[in-house]
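Engineer: My questions will all concern the structure given below.
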Amino acid sequence: MPAALFYWQTGDRMGSKTPLYDSHVRSGARIVDFGGWDMPLHYGSQKEEHHAVRNKAGMFDVSHMTIVDLKGERARDFLRYLVANDVARLKEYGKALYTCMLNEAGGVIDDLIVYYLADDDYRIVVNAATRDKDLAWIRKQAEAFGVSISERAELAMIAVQGPEARKLAAPVIPEQHREAALALKPFFGMAAGDFFVARTGYTGEDGWEILMPAREAPAVWDRLLATGVEPCGLGARDTLRLEAAMNLYGSDMDETISPLESGLGWTVAWEPADRDFIGRAALETEKARTDRRRFVGLLLEDKGVLRNHMKVVVDGIGEGEITSGGFSPTLDRSIALARVPAGDYDSAKVDVRGKLLNVRIVKPPFVRNGKACIDI
Amino acid sequence: MSELPGDLLYTNDHEWLRQEGDGIVVVGITEHAATALGDLVYVELPEVGQDVDAGGEMAVVESVKAASDVYAPIAGSVTEVNEELADDPEKINADPYGDGWIVKMQVAELDESELMSPDAYQKLLDELDD
Numbered sequence: 006m007p008a009a010l011f012y013w014q015t016g017d018r019m020g021s022k023t024p025l026y027d028s029h030v031r032s033g034a035r036i037v038d039f040g041g042w043d044m045p046l047h048y049g050s051q052k053e054e055h056h057a058v059r060n061k062a063g064m065f066d067v068s069h070m071t072i073v074d075l076k077g078e079r080a081r082d083f084l085r086y087l088v089a090n091d092v093a094r095l096k097e098y099g100k101a102l103y104t105c106m107l108n109e110a111g112g113v114i115d116d117l118i119v120y121y122l123a124d125d126d127y128r129i130v131v132n133a134a135t136r137d138k139d140l141a142w143i144r145k146q147a148e149a150f151g152v153s154i155s156e157r158a159e160l161a162m163i164a165v166q167g168p169e170a171r172k173l174a175a176p177v178i179p180e181q182h183r184e185a186a187l188a189l190k191p192f193f194g195m196a197a198g199d200f201f202v203a204r205t206g207y208t209g210e211d212g213w214e215i216l217m218p219a220r221e222a223p224a225v226w227d228r229l230l231a232t233g234v235e236p237c238g239l240g241a242r243d244t245l246r247l248e249a250a251m252n253l254y255g256s257d258m259d260e261t262i263s264p265l266e267s268g269l270g271w272t273v274a275w276e277p278a279d280r281d282f283i284g285r286a287a288l289e290t291e292k293a294r295t296d297r298r299r300f301v302g303l304l305l306e307d308k309g310v311l312r313n314h315m316k317v318v319v320d321g322i323g324e325g326e327i328t329s330g331g332f333s334p335t336l337d338r339s340i341a342l343a344r345v346p347a348g349d350y351d352s353a354k355v356d357v358r359g360k361l362l363n364v365r366i367v368k369p370p371f372v373r374n375g376k377a378c379i380d381i
Numbered sequence: 209m210s211e212l213p214g215d216l217l218y219t220n221d222h223e224w225l226r227q228e229g230d231g232i233v234v235v236g237i238t239e240h241a242a243t244a245l246g247d248l249v250y251v252e253l254p255e256v257g258q259d260v261d262a263g264g265e266m267a268v269v270e271s272v273k274a275a276s277d278v279y280a281p282i283a284g285s286v287t288e289v290n291e292e293l294a295d296d297p298e299k300i301n302a303d304p305y306g307d308g309w310i311v312k313m314q315v316a317e318l319d320e321s322e323l324m325s326p327d328a329y330q331k332l333l334d335e336l337d338d
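Protein chains in written order, with the numbering used here: chain C, 6 to 381; chain G, 209 to 338.
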C-alpha cells in the first residue's frame, strides 16, 4: 500500500489519527486515547448525542476500525473454518453476517462482520484494538487456503445512525448508486463506486455505515453536518450499544470466554454438523454442560449507577460480574450486561461501592429503534 | 471556559468553597471538574448532621462515564445538602458555582492558607492545559 495513504498515522508519541481528526477538533471534540487512536469522546454533551441518534440522526467516525478484504478461490472454505458462524448462509450479494472468531479453546479472539460479495470475495470489519493479533491470526490460518488478505487502511468509515439517518445521508452517496443504497435491506451492503454502503450499525437504530476513500471523508463529514446530522463521540456510541445490548469486545467477552457465556450462542452455527471450525470441539463440550453461566441484562431498581466489574450477588446461588454497566439516557435508569451463575432467578444484588443495591434480571436488549424493550 | 468566580476558594481536587458567615461554608465542584466528568446522572449526598474529616469522602458525583468522589475540603459537620440534585444532577453541569452546589457545612475554623485563591486555581488550570 502506498505510504502516502497513511498520512494520518503519525506513529510517534501521539496516537494515530483518522482522516477526520481535524474535523473533530473543529467541532469542539474532547479527544481521548482509544486503543492507540486519538478519538472524540464527545463534542459537548454525550447525552444529547445519544438522544440525537435515538430521535433523529447522529454520525460516528469509525475509521479506526480494521477493514480487510479476503479473496481467493477458497475464500468461502477458509471463512467457514475461521469463524463460528457459517458464511455458507450468505447467498445474496452484500449480505452481512455477525460472528465470533474463536481460538481452539472456544475463547473469542474478536467479533466481526463479514460481507459476502462473491464466493471468492469477502470483506470483513474487525475491531481496532485487536487489529494486530487479528491480522496475525487470520494470515496464519489462511496459509493453507491460499487466500489473499488485504487490509484496506486507506478507507475511512462513518456510521450514520438514527431514524432519519438514511434520508439525511443519501446525498453523500454517489448519485448513480443512491437509489440502490436506499433500497438496501437491513444487514446488507453494496459497493457504490469507490464507496461501500451497508445498512448496519452498533446503536440499535436504522442507518448506514459508509466506507469511502480517506481523502473524501472530511468533505462527506461536512456535508452530513450541514444536513443536520449530529456528530457523536465514543461515549454516546457506548451508551447506545449498551442499551441495544450489543457486545463490546474486551468487556463482554475476550479470549478466555466463549460466545456461549457471552450471550452470543445465536451466532454459532452448529449445523451442518460436519463443518469443522476453529473452537468447535471446545464449544461442543461446553454446550453439554449444565452449569454454564448466564449472560443477562440488569436493571437497577435503586438509585445509583452500575459500572463494569461490579460484583453481582445472587442469594443462595453465587456471584457474577457486570461486564458492561452504565447509565441509560433513554430509560433514565442504570443498566448493565452481566455474566452470572446458572440458575433460575429474576433478581439479584450488585455491590455498588460497598452497598448492595437491588437489580432486576431482564432479557436484553433494553432499547431498540427508539423504544424501550423492557418494563420500567 | 468562563472566568472563575472571585469570591470562592478552591482545592487541588477541583472543588470550590464559599463562606456564608457564622462558620457556614458551601461546597461544590468547579466547572473544570464538571466538564471533565461530562453529563452528570447521579449524585450521592451525605446525611445532614454527618461529621466529615478534611479530605474525607463526602459525596459521589457520577456522570455517564465515571464516578468521582467529592472530598470535604475542611473538617466540619454537614448542615444541608442540595436535595434538588437527586432529580436533576445536571444542575452541576449547568451552573456549577450556583444551583449546582452540593453540601453546606458548619466548620470550626477556616485556614485559608490550606486552600487556593482564584488566581492560584487559575494557574493550576493553565498548567493542566499545557
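Where a beta carbon is used, it is the ideal one built from N, C-alpha and C, also for glycine.
Per DSSP, what are the beta-bridge partners of Thr71 of chain C in this structure?
Structural biologist: DSSP, once it has assigned bridges, lists C:Val131 as partnering Thr71 of chain C.
Engineer: Three-state secondary structure (DSSP) at Phe83 of chain C?
Structural biologist: If DSSP states are grouped into helix, strand and coil, Phe83 of chain C belongs with the helices.
Engineer: So with Cβ pairs under 8 Å, would you call Lys299 of chain G a contact of chain C?
Structural biologist: No, its Cβ sits nowhere closer than 8 Å to a Cβ of chain C.
Engineer: Candidates G:Thr219, G:Gly257, G:Leu212 and G:Gly229: which alpha carbon is nearest Glu317 of chain G's?
Structural biologist: Of the candidates G:Thr219, G:Gly257, G:Leu212 and G:Gly229, the one whose C-alpha sits nearest the C-alpha of Glu317 of chain G is G:Gly229.
Engineer: Taking the alpha helix (DSSP H) that Leu293 of chain G belongs to, which residues open and close that run?
Structural biologist: Segment Glu292 to Asp295, the alpha helix (DSSP H) holding Leu293 of chain G.
Engineer: I'd like to check one pair, Asn313 of chain C with Ser267 of chain C: are the Cβ atoms closer than 8 Å?
Structural biologist: Cβ distance not < 8 Å, so Ser267 of chain C and Asn313 of chain C don't count as in contact.
Engineer: For Pro297 of chain G, tell me which candidate among G:Leu216, G:Leu253 and G:His222 has the shortest Cα-Cα distance.
Structural biologist: Ranking G:Leu216, G:Leu253 and G:His222 by Cα distance to Pro297 of chain G puts G:Leu253 first.
Engineer: Rounded to whole angstroms, what's the CA-CA distance from Val251 of chain G to Asn301 of chain G? Just pull it up for me.
Structural biologist: Looking at the two C-alpha atoms, the distance is approximately 12 Å.
Engineer: For Gly231 of chain G and Met266 of chain G, what's the separation of their Cα atoms in angstroms?
Structural biologist: Approximately 18 Å, taken between the alpha carbons.
Engineer: Is the Cβ of Tyr250 of chain G closer than 8 Å to any Cβ of chain C?
Structural biologist: Closer than 8 Å to some Cβ of chain C, the Cβ of Tyr250 of chain G qualifies, so yes.
Engineer: Output, in sequence order along the chain, the residues in the region 257-281 of chain G whose CB is closer than 7 Å to any CB in chain C.
Structural biologist: Under the 7 Å Cβ criterion, the region 257-281 of chain G contributes Glu270, Val272, Lys273 and Ala275.
Engineer: Measure the alpha-carbon distance for Pro7 of chain C versus Arg157 of chain C and round it to whole angstroms.
Structural biologist: Residue placement at Pro7 of chain C is poorly supported in this model, since its pLDDT is 29, which falls under 50; the coordinates still yield a value, given next. So the two alpha carbons sit approximately 11 Å from each other.
Engineer: Using the rule of at least 16 other Cβ atoms within 10 Å of the residue's Cβ for burial, across every protein chain shown, is Thr263 of chain G buried or exposed?
Structural biologist: Per the sequence shown, residue 263 of chain G should be read as Gly rather than Thr. Exposed, because fewer than 16 other Cβ atoms sit within 10 Å of the Cβ of Gly263 of chain G.
Engineer: If you measure from the beta carbon of Val310 of chain C to each beta carbon in chain G, is any gap under 8 Å?
Structural biologist: Cβ-Cβ to chain G under 8 Å: yes for Val310 of chain C.
Engineer: Secondary structure at Pro281 of chain G, three-state DSSP: helix, strand or coil?
Structural biologist: Pro281 of chain G falls in the coil class under three-state DSSP.
Engineer: Are the beta-carbon atoms of Gly284 of chain G and Val256 of chain G separated by less than 8 Å?
Structural biologist: Not closer than 8 Å, so no.
Engineer: So, for Arg144 of chain C: in the same chain, excluding its five sequence neighbours on each side, which residues have a beta-carbon less than 8 Å away from its beta-carbon?
Structural biologist: For Arg144 of chain C, where only same-chain residues beyond five positions count, the Cβ hits under 8 Å are Ile154.
Engineer: Do three or more CB pairs link the region 107-126 of chain C to the region 41-51 of chain C at distances below 8 Å?
Structural biologist: Too few Cβ pairs lie closer than 8 Å, so no.
Engineer: Going by DSSP, which residues form a beta bridge with Ile118 of chain C?
Structural biologist: According to DSSP, Ile118 of chain C bridges with C:Tyr103 and C:Val130.
Engineer: If I'm right that Glu221 of chain C touches Gln166 of chain C with Cβ under 8 Å, what's the distance once you round it to whole angstroms?
Structural biologist: Glu221 of chain C to Gln166 of chain C, Cβ: 20 Å. No contact.
Engineer: Identify which residue in C:Leu25, C:Arg136, C:Gly330 and C:Val364 has its Cα closest to the Cα of Ala249 of chain C.
Structural biologist: The residue with the shortest Cα to Cα distance from Ala249 of chain C is C:Gly330.
Engineer: Roughly how far, in whole angstroms, is the beta-carbon of Asp279 of chain C from the beta-carbon of Tyr86 of chain C, given that I think they are within contact range, below 8 Å?
Structural biologist: At roughly 12 Å, the Cβ-Cβ gap does not stay under 8 Å, so Asp279 of chain C and Tyr86 of chain C are not in contact.
Engineer: Between Thr295 of chain C and chain G, is the shortest Cβ-Cβ distance under 8 Å, so that the two count as touching?
Structural biologist: Answer no: the Cβ-Cβ gap between Thr295 of chain C and chain G never drops below 8 Å.
Engineer: Sort C:Ser21, C:Phe83, C:Ala110 and C:Val130 by Cα distance to Met70 of chain C and report the nearest one.
Structural biologist: Met70 of chain C has its Cα closest to that of C:Val130, out of C:Ser21, C:Phe83, C:Ala110 and C:Val130.
Engineer: Go ahead and label Arg94 of chain C buried or exposed: buried means 16 or more other beta carbons lie within 10 angstroms of its beta carbon, across all protein chains shown.
Structural biologist: The residue is exposed, with fewer than 16 neighbouring Cβ atoms inside 10 Å.
Engineer: In whole angstroms, what separates the C-alpha of Met258 of chain C from that of Glu288 of chain G?
Structural biologist: Roughly 44 Å separates the two Cα atoms.
Engineer: Using the Cα positions of Gln258 of chain G and Ala280 of chain G, report the straight-line distance between them to the nearest angstrom.
Structural biologist: If I take the Cα positions, the gap works out to 11 Å.
Engineer: Determine the direct distance from the alpha carbon of Gln146 of chain C to that of Arg204 of chain C, and round the result to whole angstroms.
Structural biologist: Between Arg204 of chain C and Gln146 of chain C, the C-alpha separation is close to 29 Å.
Engineer: Nearest by alpha-carbon distance to Phe200 of chain C: which of C:Gly238, C:Glu289, C:Leu189 and C:Met217 is it?
Structural biologist: Looking at the Cα atoms, C:Met217 is the closest of the given residues.
Engineer: Note down, in chain order, each residue of its chain lying with its Cβ closer than 8 Å to the Cβ of Leu25 of chain C, except the 5 sequence neighbours on either side.
Structural biologist: Excluding sequence neighbours, Leu25 of chain C sits near Asp66, Ser68, Ala161, Ile163, Ala222, Pro223 and Trp226.
Engineer: Let me make sure I understand the geometry here. Which of C:Asp82, C:Ala134 and C:Ala57 has the alpha-carbon closest to that of Gly20 of chain C?
Structural biologist: With distances taken between Cα atoms, Gly20 of chain C lies closest to C:Ala134.
Engineer: Near Asp116 of chain C, which residues of its chain fall below 6 Å by C-beta distance, leaving aside the five closest residues on each side in sequence?
Structural biologist: Around Asp116 of chain C: Cys105 and Tyr254.
Engineer: Taking Cβ-Cβ distances shorter than 7 Å, what residues in chain G pair up with Thr244 of chain C?
Structural biologist: What Thr244 of chain C touches in chain G: Val272.
Engineer: Quick check on the burial criterion: 16 or more other C-beta atoms within 10 angstroms. Buried or exposed for Gly306 of chain G?
Structural biologist: By the neighbour-count rule (16 or more Cβ atoms within 10 Å), Gly306 of chain G is not buried but exposed.
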